[in-house]
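Asker: Following this message is one structure expressed as structure tokens.
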């Protein structure tokens, strides 16, 4: 990216001079989009992974056309280009579309009020017209809020950069619309009903993976499987690497994942029932993408050298700079056997115009470009490969510093094409649109390709085509996690969301399910027990655990902890099972399994220490004592949790005598009292009053 010099307006010069200086700096100093025609072009593109977002400096049209448009009027056109180039140079964002909408609105408001599109004419009347135009053109309330936000930023920019220093402040008057998953209007309810896939549709996806036979079906069903192990975005798949599978210390399988929207690197743990499926999906993708990875690696290791693949017909000693005839060119560029046979049947002069026309010299632009200065060489084909397949992130993947030939989902160009032969020398990452085309028929195309479901013969319950998007898989997983009672923080981590509040956009439980959850809480006439509170995702207070203190307990791997910030920092270092401030609760989900696993680990360490003690290893005896003490407590708690004599919801502490505090030990060693005098005790209500706690 070019070095950014932030524009600083000068207070002592006129607004027009400030504006001219800003445009001049952006035009001649910044270099972003120089490779797309630069300042002279009225159509730039922001490239994000496999997507290209058009920025067309055109007048408003109900239906835009990037190839046929009328440019904005000057001098506003120059300001618009400077504004976009400046902001995108500082931070390139995909939401630039709304910036373009805001600019067009201001352009038209200036023309309507003053008859000239000059940003220096921006005033209160223009802002009023701007609001009117926005209401007329943007009907969707959610989008209107986003466009309004960009208008607010634009007007503030004009004022702060002193193009119109006296411009009044303006705030976006269109409020942010609530999450569609939470709305109760009829339109939103209908959307909610169809947004979350049915169990039948999800099982059809599973069947596609199990029964896939062709390479195309194996590839796409495997890619989709990786979205089903945990909520993920389709755009994140391109960052998966060949070594993404990970085994945790406890043997659990995870997938190293790079989550978008600020979350970053994480590990998505695979449910045990899906482990073999994920391993098989990984194996299939490794095999299918091997040729693409080899092609990308070759291009990196041998710059300006064309990959001589199995389809090439020249001898091994054929020079890189020796011209290729049409027949050799067609073999090198992976033309179909039918195309090559047609050319040979048409002419025996393989360097003739007729021969070249048969392989695209007459009507195919990329071929015309290659033969413009004569018959191409392998070296020129290598340059074509570089321009066609090496992205701006080359040789790395878009978001992580790993080479593209380590991508798990890498494939070759035309890998699964029905009419064209796969390009042996190529590599590319699949796009989100391609994945969605496997899940739902693309009605807008004249001859849309068949979806994964259509190729494999799966239909919806009513006999119609199954139609899904990759995002709906994420919605289904999140919704069912909510149904299963997963807490909000854990769900956000599982899904790779940097904001817990975003969970609400994916919670598509029915109204009856939400009401049932509310009723399950309201039906208690008295406070629920600690176990009931845990199962309802409610906070567990100290009093629920029998501790006469105000506060909320923390959840641990094995139970609950009553140590809080009012005390000195915890000194246990994770030794919860031998701590008197830690409690186990019978029936608390997953804790017994974790305690059993911990017991096996400590038992293994204890046995090793015992063997070392028998061999007179120095210091081993102290470890035998320490680990034996620890193992005894873990084993006792595990036994109590498993015992039929222990009622469900029982709260199990270790005796406080087993874990005396350092203060208590010091007092006892000095023969001082360690119990409080009853006369010195104060009523809890008095303490609450002193702390300012009402109705405690």
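Residue numbers (UniProt numbering): 1 to 696.
All residues carry an ideal CB built from backbone N, CA and C; glycine is no exception.
Predicted model, so just to flag it, every value in this text is computed and none were measured.
What is the DSSP secondary structure of residue 319, counted as helix, strand or coil?
Answerer: When DSSP states are grouped into helix, strand and coil, residue 319 belongs to the coil group.
Asker: Grouping DSSP H, G and I as helix and E and B as strand, with all else coil, what is residue 202?
Answerer: Three-state DSSP puts residue 202 in a helix.
Asker: Are the stretch 594–601 and the stretch 621–634 touching by the rule of at least three beta carbon pairs closer than 8 Å?
Answerer: Yes, the stretch 594–601 touches the stretch 621–634.
Asker: Thinking just about the alpha-carbon of each residue, which of 412, 623, 616 is nearest to the one in residue 604?
Answerer: 623
Asker: Counting C-beta neighbours from all protein chains within 10 Å, is the total for residue 536 16 or more, i.e. buried, or is it exposed?
Answerer: exposed
Asker: Run through DSSP, which three-state label would residue 662 get?
Answerer: Three-state result, residue 662: helix.
Asker: Would you grab the beta carbon distance between residue 129 and residue 113 for me? Rounded to a whole angstrom, and I think it's under 8 Å.
Answerer: 5 Å
Asker: Indicate the three-state DSSP secondary structure (helix, strand or coil) for residue 39 in the structure shown.
Answerer: helix
Asker: Could you compute how far the alpha carbon of residue 273 sits from the alpha carbon of residue 334?
Answerer: Between residue 273 and residue 334, the C-alpha separation is close to 42 Å.
Asker: Which stretch, first to last residue, makes up the beta strand (DSSP E) that contains residue 268?
Answerer: 264–269
Asker: From residue 266 to residue 258, what distance separates their C-alpha atoms?
Answerer: 6 Å
Asker: Could you spell out the range, first to last residue, of the alpha helix (DSSP H) harbouring residue 222?
Answerer: 215–228
Asker: So, for residue 371: in the same chain, excluding its five sequence neighbours on each side, which residues have a beta-carbon less than 8 Å away from its beta-carbon?
Answerer: 356, 361
Asker: Compute the Euclidean distance between the alpha carbons of residue 318 and residue 344, then round it to the nearest angstrom.
Answerer: In a straight line, the C-alpha of residue 318 is about 22 Å away from that of residue 344.
Asker: Let me know the secondary structure DSSP gives residue 47 once reduced to three states.
Answerer: strand
Asker: Keeping to the same chain, check which residues put their C-beta closer than 8 Å to that of residue 599; ignore five residues upstream and five downstream.
Answerer: Apart from the 5 residues on each side of it in sequence, residue 599 sits with its Cβ closer than 8 Å to the Cβ of 631, 634, 635, 638 in its chain, given in chain order.
Asker: In or out: residue 476 buried (at least 16 other Cβ within 10 Å) or exposed?
Answerer: buried
Asker: Would you give the residue range spanned by the alpha helix (DSSP H) that residue 256 belongs to?
Answerer: Not the alpha helix (DSSP H): residue 256 falls in the beta strand (DSSP E), residues 253–259.
Asker: Give the DSSP-derived three-state secondary structure of residue 301 in the structure shown.
Answerer: helix
Asker: Report the start-end ranges of each alpha helix (DSSP H) in the stretch 619–657 that is 4 residues or longer and not cut off at the edges.
Answerer: 620–642
Asker: How is the alpha helix (DSSP H) around residue 245 delimited, first residue to last?
Answerer: Element bounds for residue 245: not the alpha helix (DSSP H) but the beta strand (DSSP E), 245–247.
Asker: Secondary structure at residue 473, three-state DSSP: helix, strand or coil?
Answerer: helix
Asker: Please go through the stretch 90–154 and give each complete alpha helix (DSSP H) segment of 4 or more residues, from N-terminal end onward.
Answerer: 96–114, 124–137
Asker: Spatial neighbours of residue 201 within its chain, please: CB distance less than 8 Å, with the 5 preceding and 5 following residues excluded, ordered by chain position.
Answerer: 460, 466, 468
Asker: For residue 399, does the three-state DSSP call read helix, strand or coil?
Answerer: Coil, per DSSP.
Asker: Hey, residue 427 and residue 378: beta-carbon distance below 7 Å or not?
Answerer: no
Asker: Can you tell me whether residue 417 is buried or exposed, with buried defined as 16 or more other CB within 10 angstroms of its CB?
Answerer: Burial is judged here by how many other beta carbons sit within 10 angstroms of a residue's own beta carbon; residue 417 has fewer than 16 and is exposed.
Asker: Evaluate contact between the stretch 529–549 and the stretch 575–592, counting only Cβ atoms and requiring at least three cross-stretch pairs below 8 Å.
Answerer: yes
Asker: Measuring straight from C-alpha to C-alpha, what distance separates residue 215 and residue 196?
Answerer: Distance from the CA atom of residue 215 to the CA atom of residue 196, rounded to whole angstroms, is 29 Å.
Asker: If residue 651 sits next to residue 545, beta carbons under 8 Å apart, how far is it from one beta carbon to the other, in whole angstroms?
Answerer: 6 Å
Asker: Among the candidates 24, 138, 74, 566, whose CA atom is the shortest distance from the CA of residue 111?
Answerer: Closest by C-alpha distance to residue 111, out of 24, 138, 74, 566, is 74.
Asker: What number of angstroms, rounded off, separates the C-alpha of residue 218 from the C-alpha of residue 453?
Answerer: 12 Å
Asker: For residue 98, count neighbouring Cβ atoms within 10 angstroms of its own Cβ and tell me buried if that reaches 16, exposed if not.
Answerer: buried
Asker: When burial is assigned at 16 or more other CB atoms within 10 Å of the CB, is residue 353 buried or exposed?
Answerer: By the C-beta density criterion, residue 353 is exposed, having fewer than 16 other C-beta atoms within 10 angstroms.
Asker: Cα separation between residue 12 and residue 24?
Answerer: Any reading at residue 12 must be qualified, since the residue scores a pLDDT of 48, below 50, and its modelled position is unreliable; no value is offered.
Asker: When DSSP labels each residue in this structure, what does residue 582 get in the three-state scheme?
Answerer: strand
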